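Okay, so the sequence shown: first residue is 3 according to the numbering used here, each after it adds one.
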Amino acid sequence: MMLCEKYKEQFLQPEVRCDTYIGIEMKQVWFAELQLLEKFIDVCNKHGLSYQLVGGSLLGAIRHKGFIPWDDDIDVGMLRPDYDRFVQLAKNELEAPFFLQTPLTDPGRNIDYVQIRNSATTAINLRYVDDHNTFNQGIFIDIFPIDGVGSDEVLQKQEKQQQFIRRVYGSAFKTNATGKAKIKHYVSNAIYKIAGSQNIDKKRNDIFRKVGIESSNEIGLVSFLFNNNRRNYWKKEWVLNCENVPFEFLNVTVPIAADEVLTKTYGNWRMFEKGMAMHSGIDFDVSKSYMEVLRDKYHYEEFKSYNSQKGKKLDYETKRGGYYAPLLQMKIKQFMICYRALIEGKMILQMM
C-alpha cells in the first residue's frame, strides 16, 4: 500500500499549524501534491536517481517536517544528469492521471523545468485565464534541474538566450492577442513551427548544460534565472550529498548542508514570517479535471466537447490550425517586419 493511501484519513483532518488554521480544502491540495511526490520518489528509487527538496519545500522539511503552513506547492531539484534521465523515464513510468508536463509533451507550456500534474484535478493560474491557454492545469509539483554556475558573462548570455525563447513560446500560443501583439503572435508561432518544438526545447536545455557540474564551484537552479538571482546558487559541496528527513508522512532527501543552503536562500530562515501562499492566485479543485472547470467556470470553447467520464482532451493544435494564413492577409510593411523577425529568430536559434 502506498503511504498516501495509508495516511489519507488521518492527514486530511483540519489542524492548526504555527497559529495558522489549515482547513480540509488546503489539506486536500497538499494531499494531491504528496501523491505526486510519492510517485516521483518511487520512480527515482526504482532507477537509482538522486533528488533533493529545494526552496520552500526544503524550508518546510527542515523547519516544519512538512509543508509551510501558508504554502501550497512542492519544489524538487535534480542534478542535470539525473534530471535528464528522469524526463526520459517518466514517459513510461507515469500513467494517467499523472502527466509529465514539458514544452514538448504539452505545447504552449512555457517553462524551463518540468512539472508532474494530476490531470483529474485543477490548479488554474488566474493570471493567465484570459489567454485561453489549453495546456494541462492539474495540481502539480515542480522539478528543477540543478546545473553548473558559470561566470557573470556566461550567466548574462544564458539569460538573454532564455528570454528570447520564452518570448517565442509566450507569443506563439497567445491566440487572443490584438494589435502589435497579434503580429508578434504570428511571427513567434512561425518561428516555433519552422525551428520545430524538439529543436527549440533542446536549445533551451543546452543553454544550461553549457557549464558542467564537474567543472563548477557553484551549482544551482540556473534555469530559474529571474534577473540572475544568485540566492539559488550554492557551493557544490553543500548539495552533492543528501540525507533522509520526514516530510509529512513521507521520507524525502535534502542536502546534508541544508542549513547553509537555507541561509544562502532565505537569510535567517529560522524566523517565522507568515506570508501569502506562493501560488495564492491559483484556483484549486481536487474533485474536477481542469478541463471541466475551464469549460464550465471559465467558458473555454476549446473544451466544450470534453467528456469527464472518458477524460478526453481535444486536439487543440489541430483545432486551431491555419497559423500561416493570416500572414498572407497582412499589409506589405507588416509582412516584411514579420519576415525579418523570422530570419532573425531562426539565426539566433542556430547560433545558440
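Glycine is no exception: its CB is placed at the ideal position from the N, C-alpha and C atoms. Predicted, not measured: the structure shown is a model, and the values here were computed from it.
Pick from 161, 293, 135 that is closest to residue 174, judged by C-alpha positions: Numbered from its first residue, the sequence shown carries residue 174 at position 172. Selection 161, 293, 135 evaluated against residue 174 yields 135 as nearest (Cα-Cα).
Cβ neighbour criterion (16 or more within 10 Å) applied to residue 128: Within the sequence shown, the letter at position 126 stands for residue 128. Here residue 128 is exposed, its C-beta having fewer than 16 other C-beta atoms within 10 Å.
Residue closest to residue 218, alpha-carbon to alpha-carbon, out of 256, 225, 238: Stepping through the sequence shown from its first residue, residue 218 is reached at position 216. Checked all of 256, 225, 238; the closest Cα to residue 218 is 238.
Residue 8, DSSP secondary structure in three states: What you label residue 8 is simply residue 6 of the sequence shown in a count that begins at 1. Note: residue 8 maps to helix in three-state DSSP.
Straight-line gap, residue 113 to residue 63 (C-alpha atoms, nearest Å): Within the sequence shown, numbered from 1, the residue matching residue 113 stands at position 111. Within the sequence shown, numbered from 1, the residue matching residue 63 stands at position 61. If you take the alpha carbons of residue 113 and residue 63, they lie about 25 Å apart.
Residue 46 - containing alpha helix (DSSP H), residue span: Against the sequence shown, residue 46 aligns to sequence position 44. Run containing residue 46: 26 to 49, per the alpha helix (DSSP H) assignment.
The alpha helix (DSSP H) enclosing residue 261, as first and last residue numbers: Position 259 of the sequence shown, counting from 1, holds the residue named residue 261. Start and end: 260 to 268.
Beta-carbon proximity of residue 248 to residue 41, cut-off 7 Å: Counted from its first residue, the sequence shown places residue 248 at position 246. Counted from its first residue, the sequence shown places residue 41 at position 39. Going by C-beta atoms, residue 248 is not nearer than 7 Å to residue 41.
Cβ neighbours of residue 139 in the same chain (closer than 8 Å, five flanking residues each side left out): Here residue 139 is taken as the residue at index 137 of the sequence shown, counted from 1. If we look at residue 139 and ignore the five residues flanking it on each side, its Cβ neighbours are 119, 124, 125, 126, 127, 292, 296.
Residue 46 to residue 90 span [Cα, whole Å]: On the sequence shown, position 44 is the one that residue 46 refers to. On the sequence shown, position 88 is the one that residue 90 refers to. Residue 46 and residue 90: Cα-Cα distance of roughly 12 Å.
Minimum C-alpha distance to residue 235 - residue among 9, 222, 56: If you number the sequence shown from 1, residue 235 lands on position 233. Measuring from the Cα of residue 235, the nearest candidate turns out to be 222.
Beta-carbon proximity list for residue 214, same chain, < 6 Å, skipping 5 on both sides: As a working note, residue 214 is residue 212 in the sequence shown. Taken in chain order, the residues that qualify are 150.
Cβ separation of residue 255 and residue 54, assumed to be a contact under 8 Å, to the nearest whole Å: Translated into positions along the sequence shown, residue 255 becomes position 253. Translated into positions along the sequence shown, residue 54 becomes position 52. The Cβ separation is near 5 Å, so the contact holds.
Buried or exposed by the 16-neighbour rule on C-beta atoms within 10 Å, applied to residue 115: For the purposes of this step, residue 115 is taken as the residue at position 113 of the sequence shown. Burial call: buried.
Residue closest to residue 84, alpha-carbon to alpha-carbon, out of 133, 206, 43: Taking the sequence shown and counting its residues from 1, one reaches residue 84 at position 82. Closest option to residue 84, judged by alpha-carbon separation, among 133, 206, 43: 43.
The alpha helix (DSSP H) enclosing residue 240, as first and last residue numbers: Along the sequence shown, one-based indexing puts residue 240 at 238. Element bounds for residue 240: 238 to 241.
DSSP beta-bridge partners of residue 147: Residue 147 sits at position 145 when you count from the first residue of the sequence shown. Residue 147 is bridged to 80.
Cβ-Cβ separation, residue 75 to residue 27 (assumed contact under 8 Å), whole Å: As a working note, residue 27 is residue 25 in the sequence shown. As a working note, residue 75 is residue 73 in the sequence shown. Contact flag wrong, Cβ pair sits at about 15 Å.
Environment of residue 147 [buried if 16+ CB atoms lie within 10 Å]: Position 145 of the sequence shown, counted from the start, is the residue given in the question as residue 147. With 16 or more neighbouring CB atoms inside 10 Å of its own CB, residue 147 falls in the buried class.
Which listed residue (259, 191, 205) has its alpha carbon closest to that of residue 242: Along the sequence shown, one-based indexing puts residue 242 at 240. By alpha-carbon distance to residue 242, the top candidate from 259, 191, 205 is 259.
Reference residue 159, options 294, 208, 105, closest by Cα: Here residue 159 is taken as the residue at index 157 of the sequence shown, counted from 1. Cα-wise, what sits closest to residue 159 is 208.
Where residue 222 falls: helix, strand or coil (DSSP): As a working mapping, residue 222 is identified with position 220 in the sequence shown. Judged by DSSP in its simplified three-state form, residue 222 adopts strand.
According to DSSP, residues forming a beta bridge with residue 20: As a working note, residue 20 is residue 18 in the sequence shown. Answer is none; residue 20 lacks a bridge partner.
For residue 298 and residue 111, the rounded distance between their alpha carbons: Residue numbering aside, residue 111 sits at position 109 when the sequence shown is read from its first letter. Residue numbering aside, residue 298 sits at position 296 when the sequence shown is read from its first letter. In a straight line, the C-alpha of residue 111 is about 22 Å away from that of residue 298.
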